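Okay, structure first, notes after.
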Amino acid sequence: MAGNSYEKPDFWSKKAFSEGYPARSVYKLQEIDEKFHILKKNARILDLGAAPGSWTVYVLRYLGASGQVTSIDLNPLAKEVKGDNLTFIQGDLYDERVRNHAAALGPYDALICDAAPPTTGNKLVDTARSADLVELALFYAQTMVKKGGNCAVKIFQGGDQSILLRQMREIFQSAKGFKPKACRSESFETYLIGLDKKN
């Protein structure tokens, strides 16, 4: 029986390790940012579902000594993920105390979210759970991102993508789907990009 290709280091995984990132997902954010310019210098960035921390590391390197990063996850960040301008909140995104803590550190210039639910192997169940996470991320964006701010959120491709894009367009001037080249070919994940928050 063939092994699970997700367990085999590929080009992106090896590149991430050599460049000091905890996971290959960093190149998805890099490609998103190069195409849509969601990040800005001197910004406050909210990173949802941050562990092990590759997106957080990318943002910290991008910002340098400027700006602030707030990262949230149930699981801890990798030990090498640290910075004077990083606040890590370990907890559940659905927890009101976590939301209140994040809100107190805002408002934010951008929200990024690479969160994914635990998968079951049932695509209908997995896409529904992913859609729930996207709706939660959009709630964070609507309540915590500044006017003119941006958003990038992972979603498993499925029936709710067009509905969620419509919801995103109610919050942002522009919203579209985008699949970075760094996504595994067999993966059904993609990203929803919201640009220029309305108010």
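Okay, so the sequence shown: first residue is 1318 according to the numbering used here, each after it adds one.
Backbone N, C-alpha and C fix where the C-beta goes; we use that ideal spot for every residue, glycine too.
Here the structure is a predicted model, which is why all the values come from computation and not from measurement.
- If one requires a minimum length of 4 residues, the alpha helix (DSSP H) runs lying completely within the segment 1421 to 1483 are 1440 to 1461, in chain order.
- Below 8 Å, enough C-beta pairs join the segment 1425 to 1445 and the segment 1462 to 1474 to call them touching: three or more.
- Here F1405 carries a strand assignment [DSSP, helix/strand/coil].
- Counting only residues of its own chain and dropping the five nearest sequence neighbours on each side, L1509 has a CB closer than 7 Å to the CB of V1451, V1470, I1472, L1481, L1482, M1485, A1492, G1494.
- Residues V1343, L1346 of the same chain have their beta carbon placed closer than 6 Å to that of Y1375, with the five preceding and five following residues left out of the count.
- Within the same chain, L1356 come within 7 Å of Y1379 by CB-CB distance, once the 5 residues on both sides are set aside.
- A residue is called buried when at least 16 other Cβ atoms come within 10 angstroms of its Cβ; A1419 meets this threshold and is buried.
- Burial is judged here by how many other beta carbons sit within 10 angstroms of a residue's own beta carbon; S1383 has fewer than 16 and is exposed.
- Under the DSSP definition of a beta bridge, Q1385 partners with R1361.
- Closest in C-alpha terms to I1349, from the list T1507, N1516, K1514, comes T1507.
- For the set C1500, S1388, A1499, S1504, the Cα lying nearest the Cα of L1428 is the one of S1388.
- For the options L1365, Q1385, G1366, K1352, the alpha carbon positioned closest to that of N1359 is the one of Q1385.
- Where D1350 is concerned, the enclosing alpha helix (DSSP H) starts and stops at 1343 to 1353.
- Taking all protein chains shown into account, T1460 has fewer than 16 neighbouring C-beta atoms within 10 Å of its C-beta and is therefore exposed.
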